[in-house]
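First residue of the sequence shown: 228, per the working numbering; consecutive thereafter.
Quick reminder that beta carbons are idealized off the backbone N, C-alpha and C, glycines included.
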Amino acid sequence: MENPTKTKLTTSDLIAARKKEFLETNMNNRKMYDHVQDNFKNARSFIEKIIKKTGIIYDDQFSKHLCYWDPNYIENPQRYESIIKRCNELGLIERCTKIPCRLATNDELLMKHTQEIIDMLKSTEDLKDFELLEALSSKFDAIYFHPSTYKQSLLATGSSIELVKAICENKIHNGMAFIRPPGHHAMKSEFCGYCFFNNVAIAAEYVLRHYSVSKILIVDWDVHHGQATQQMFYDDSRVLYFSIHRYENGEFWPNLRESDWDYTGNGDGQGFNINVPLNATGMRDTDYLAIFHQLLLPVASEFQPDLILISSGYDAALGCPEGEMEVTPACYAHLVNSLMGLACGRVAVFLEGGYCIKSLAEGAALTLKSLLKDPCPLLDMTSNPCISIVQTIQNVIFAHQKYWKCFQTDYILSPTYKAVSMYSYDGEPQSEFPTSDCYPLQDTTKIDEFSVLQHLISETELLNIKNKVCVSFDLIMDRKHVSSESGHPECPGRISAILNMFNEFQLTPRLLVLPSREAEESEILTVHTKEHFNNMANLYKLSLQELSSLEKTFDSVYLTPDTYKVSTLASGCLLQVIDSVMNNDSASGVAVIRPPGHHAEDDLACGFCIFNSVAIGANYALNKFGLKRILILDWDIHFGNGTMKTFCSDPRVLYISIHRYHNGKFFPSTKDGSHKVTGIGSGEGYNINIPWNKNGMGDAEYMSVMQNIILPVAYEYCPELVLVSAGFDAAVGDPLGGCKVTPECFGHLTHLLSSLAYGKVILALEGGYNIDAVSYCMTMCTKALLGDPLPPLNLELPICKNAQRTLKRVIKVQKKYWSCLNVFSSEKKYRNSLSVND
């Protein structure tokens, strides 16, 4: 970092240069500014779209299907019963809308299965000859028949259809189907892997035929590859099938070459089949989140599905004997939440596998809590992504670069390891399969050792907060502190415009409105010097001529007799929000305040900023609530020099700033905004600058930096509170920013942050000088915190070359401090795995 200079900028030439810069920037952006109404069309179209109920579908008849000749069979009624019991314990079922179950019709089954296989299963209905049922079972791989199997399979498929129908008909917003038997291994004319009819595939086909849905994303995170779902849509570009599964170079069931990363689709479906094969056991939350951040979220954001269907098996969860993975049940809540920002939140989750009863029940319950928009539990992200998963991610990118523009970037390196499957099936097809003792058994003594699971179960019950979002403001901030300069960009009206937009979108009745207060001297002095505080506190004593003379000693600051009161109100309102969120009265919050604060240094007002509200708020949270990790994300288009200097040596605060830089020539014109500046002393590595050296950055660039850098690093840091310096001068139409980020993009950025810190995300208004843009942006962010559906993004991919260079530079510098970024590196600095098959 540069040595911080305290030079007072007193020359009239500099002040004139600032004014000239503003006027020139304003003229350069005039074309963009003239078309602001079009820029807000998408946001406005969601004025009446709010979160609806979560649907749930279940029926105790699903307990009937069982294996008579093998009481230890792991696909058993206890799986279903344990989930319902846990959801009832947490009071989740009563919060959902129950969707009636029904049997699938024969015509519905024929959409994906042959009449012959349907009739074969029907012939077992009510059959009480268990020797014959076992003999029939032996004709299929990992299958058992029961007299109720036909009816239960019909019920599972029909219920799946009813769930997606309810979503498509806007009766519910999202939902979860607790059904069995599972379905993703059921092929067109063959039963397989505990599955009879392919519930998810039939539901997807039904929606494509009967509703105005043209793009469906199927995410299959069951630890076994859903080969049947892949086969059914392999040449269909309407369905993007994304599967994460244990593979071990073909040695893991179902032992298919087509489960590898280089099977990408056929014909029109080329690129729409993405396999993420796991070639090692022991994969953890870190590995699964790396897959989501580097692969699924970028592709899904580009695909922009109309509906998301999740084949949700929990056999990769901690303790499951089938998967031998170590994914915590909490991780599934995070995976679901990250997807709910897409498809206007239309997400349907279907139970597939999962055979450790304890982690299965907890994982399913936490998935449902996520659909209900409850806070996600914290994750332990201290481990590094293992080398095996890094190799797989690189191979998937290599295979799909030609199909997806999100992968066509300079910061994604060519794979260092191009896997070629060593597996090939040479034997004759089996004519008979075992019907008992054909599965790994749960080690019940080992599961008791999973203290992390027991801790999670206790923690889950505490995450119920009455108010989703609180807001603090004071209209005094909107009426006072007015520049004498006509047309000054930092002007009153921003707060009332935001509040009016809240009313127009009918958000206000859904918010907890907090009383305002002024920040106390002791609170401000945690950031600012006594001299600076006194100078601002005594402004009311000065004449207008003295005020005008004093403000010329600062860079881009105006002063009035009301400046002190308004500035202390701005900081105090933010502290009110922090109190409400940290005391669990509210899940998240918004501080609608002015003047901004992130340029204010300890003894220096700067860039429209008097007191640094977010820095004051962070110190307040550290001191009062004993926090150890706070993330400050500053997406104001100007670098927050004051906030960075406040915490540059403090590892308790991770400061990340996205800003225009132009090699140090964009305001505040300091080299401290360079990507090379990483912090000082014990704070080294806890400052991340993402500097744009070009204007015109838009949704694609901001989403890319969020998915590839901010989210992975934030998860690794594991903050207890997220504070956003929410300046909206990067928004389309802003006269100073010169960028084109849409209001809905800011909403999506906010949604992605909501998985962190138990959902304790607080937005504090900073800059933003197109009042319409600011109002729509803050409204979209608030809707995101409320859990409302967000407009889809139209991403211009690949991101521009200048942005690619920025991301590449940032990753190169920061991977020294953050292991999650080594996914982009060819160096082998990853966690060793006991079962890597190189």
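Residue i Cβ short of 8 angstroms to the ligand COA heavy atom set
i: P548; result: In terms of ligand content, the structure shown is empty, and the ligand COA therefore cannot be addressed.
Same chain, Cβ closer than 7 angstroms to residue i, neighbours up to 5 away in sequence not counted
i: F530; result: K442, L444 and L467
i: H752; result: As written in the sequence, residue 752 is Leu, which differs from the His given in the question. F760, listed in sequence order.
i: E840; result: Reading off the sequence, residue 840 comes out as Ser, not Glu. Contacts found: A797, S798, L801, I820, G824 and A991.
i: E432; result: M338 and K339
i: D637; result: Q1031, R1032 and K1035
i: M414; result: A455 and Q458
i: C875; result: M228, G906, I907, G910 and N914
i: M259; result: In this prediction, M259 scores a pLDDT of 41, lower than 50, which makes its location untrustworthy; the coordinate-derived value is nonetheless stated afterwards. Here the set comprises V959, G960 and K967.
Beta-carbon contacts of residue i that lie in its chain and below 6 angstroms, excluding the five residues immediately before and after
i: S1046; result: N611
i: R257; result: Note that R257 has pLDDT 42, beneath the 50 cutoff, so the model's placement of it is unreliable and the number below is only indicative. Contacts found: none.
i: F729; result: T735
i: H708; result: T787, D789, T790 and V793
i: I710; result: It should be pointed out that residue 710 corresponds to Ser in this sequence rather than to Ile. Correct list, in chain order: Y785.
i: W448; result: I471
i: M567; result: V574
i: Q934; result: H520, L524 and P525
i: M1005; result: I725
Cβ pair residue i, residue j closer than 9 angstroms
i: H411; j: G453; result: yes
i: H561; j: S982; result: yes
i: L595; j: L1013; result: no
i: N506; j: V623; result: no
i: W190; j: I885; result: The question about residue 190 has no answer here: the residues shown for the chain are numbered 228 through 1065.
i: S586; j: F519; result: no
i: Q1041; j: T870; result: no
i: F732; j: L578; result: no
i: R306; j: I584; result: yes
i: A543; j: V450; result: yes
i: L980; j: I859; result: no
i: M924; j: A953; result: no
i: A428; j: A455; result: yes
i: A1000; j: D961; result: yes
i: S815; j: F894; result: no
i: D512; j: C558; result: yes
i: K1043; j: G912; result: yes
Start and end residues, beta strand (DSSP E) containing residue i
i: L979; result: Unbroken run through L979 is the alpha helix (DSSP H), P970 to L980; no beta strand (DSSP E).
i: G492; result: That residue, G492, is in no beta strand (DSSP E); it is neither H nor E in DSSP.
i: A832; result: It is not in any beta strand (DSSP E) - A832 carries neither H nor E in the DSSP assignment.
i: S538; result: L534 to S539
Bounding residues of the alpha helix (DSSP H) (the contiguous stretch that carries residue i)
i: N1049; result: Taken as a continuous stretch (DSSP letters only), N1049 belongs to no alpha helix (DSSP H), as it is neither H nor E.
i: K312; result: P304 to E316
i: D447; result: Note, D447: premise wrong, no alpha helix (DSSP H); beta strand (DSSP E) at I443 to D447.
i: I805; result: T790 to M809
i: I864; result: Note, I864: premise wrong, no alpha helix (DSSP H); not H, not E.
i: K757; result: K757 to A764
i: D1081; result: As shown, the chain starts at 228 and ends at 1065. That puts residue 1081 outside it, with no answer to give.
i: Y377; result: T376 to C395
i: Y847; result: S840 to F852
i: D334; result: N333 to L337
DSSP bridge partner residues for residue i (one or two, in chain order)
i: S815; result: V696
i: I857; result: V880 and L948
i: H472; result: P504
i: N401; result: T281
i: E417; result: M414
i: F577; result: A404 and S538
i: L467; result: L444
i: A544; result: V554
i: K596; result: Paired residues: none, contrary to the question.
i: C422; result: C419
i: K325; result: I283
i: D664; result: According to DSSP, which records beta bridges pairwise, D664 is partnered with nothing at all.
Beta-carbon proximity list for residue i, same chain, < 8 angstroms, skipping 5 on both sides
i: N1059; result: Here N1059 scores only 38 on pLDDT, less than 50, and its place in the model is too uncertain to base an answer on.
i: R879; result: L849, L854, K855, R856 and I857
i: L374; result: Position check: residue 374 holds Pro in this sequence, whereas Leu was assumed. T351, E352, D353, L354, K355 and L360.
i: L598; result: T281, N401, G402, M403, V563, M567, V574 and V576
Complete runs of the beta strand (DSSP E) confined to the segment 885–944 [at least 3 residues]
914–919
Please specify which runs of the beta strand (DSSP E), each continuous and at least 3 residues long, are wholly inside the segment 698–748, giving them in chain order.
739–741
What are the uninterrupted segments assigned as alpha helix (DSSP H) that are 4 or more residues long and contained completely in the segment 954–1030, given in chain order?
970–980 and 998–1013
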